[in-house]
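In my numbering, the protein residues as written are 80 to 340.
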């Protein structure tokens, strides 16, 4: 086995400790979502004052995690417009309560999560998307920033790292958005101000395996991973948690470096 295969095998030996199980829900075709994206997407990109940069970093097919900063209700739409992918987001169950919004959310492939069910169920729903080779949009901050002045970027939560670790060959693309807060500021604007300039900057993506073995990332080797597998349950989970935190912090650093306010 070459070095990469040894790392893959060593990581796989830890599978029971990092695997996020899927819900088992079968994939849908989301024909209406694809229709809207292909017909209205170009129109919105033309009419809105969008500056889209680095879109070549987003894979055209296969599972991908699009990780962006979160400033406004319009953020998911902006990422979808920039990615040109059928991108799925997790959404709180409150968005599915009214018939009209429920139709929009369901028909565009957004995924309902129950507030009382906890984070693991949400991650399992996200794993469904990646398991089907689709694009998953995620805001690592976990919520919109409530800050009233810059810097708005919050520390990232490690769910994005756990997903990356469960799909270690899936690319995670950092995305920085500026201007979406001015377009539709939370608690202030009921409708988006479409004349406002929005910039969406995508950066170079990285897979979990690439980060894990990079000396400036996880700095792990097949040998160190095999040694980790020999440790007790508590030590394994503690060291994995440290890796998740390191991945998340570096991802947030990339989003900041791309220009997130």
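Note that beta-carbon positions come from the ideal geometry of N, C-alpha and C, so glycine has one too.
* Asked: With a CB to CB cut of under 7 Å and the five nearest residues on each side skipped, what residues in its chain are close to residue 102?
  -> 203, 204, 207
* Asked: Among 84, 122, 104, 330, which one has its Cα closest to the Cα of residue 232?
  -> 330
* Where in the stretch 170–244 do unbroken runs of the beta strand (DSSP E), each at least 3 residues long, occur, reported from the N-terminal end onward? -> 190–192, 214–217
* Nearest-angstrom Cα separation, counted from residue 306 out to residue 169 -> 36 Å
* Asked: Taking C-alpha atoms, which residue in 282, 141, 286 lies nearest to residue 244?
  -> 286
* Run the CB neighbour count on residue 150, radius 10 Å, all protein chains shown included, and call it buried at 16 or more, exposed below. => buried
* Since residue 281 sits in a beta bridge, which residues does DSSP pair it with? -> 254
* Secondary structure, alpha helix (DSSP H): runs of 4+ residues fully inside the stretch 112–176 -> 154–162
* To do: Report buried or exposed for residue 299, applying the criterion of at least 16 other Cβ atoms within 10 angstroms of its Cβ.
  => buried
* Is DSSP giving residue 305 helix, strand or coil here? -> helix
* Asked: Three-state secondary structure (DSSP) at residue 109?
  -> coil
* Asked: From this set, 327, 323, 322, 273, which residue's C-alpha is nearest residue 126's C-alpha?
  -> 273
* Opening and closing residue of the alpha helix (DSSP H) in which residue 299 lies -> Neither: residue 299 is in no alpha helix (DSSP H) and is coded neither H nor E.
* Provide the residue span of the alpha helix (DSSP H) that contains residue 336, from first to last. => 312–336
* **residue 89 in three-state terms, based on DSSP** => helix
* Sequence-distant residues of the same chain with beta carbon closer than 6 Å to residue 80, five excluded per side -> Annotation note: pLDDT 45 at residue 80 (below 50); position unreliable, no value reported.
* To do: Counting only the same chain and skipping the five closest in sequence on each side, list residues whose C-beta sits under 6 Å from that of residue 85.
  => 301
* Should residue 282 go down as buried or exposed, given a rule of 16 or more other Cβ atoms within 10 Å for buried? -> buried
* Outcome for residue 113 when other beta-carbon atoms lying within 10 angstroms are tallied against a minimum of 16 -> exposed
* Flag this pair as yes or no: are the beta carbons of residue 163 and residue 277 separated by less than 8 Å? => no
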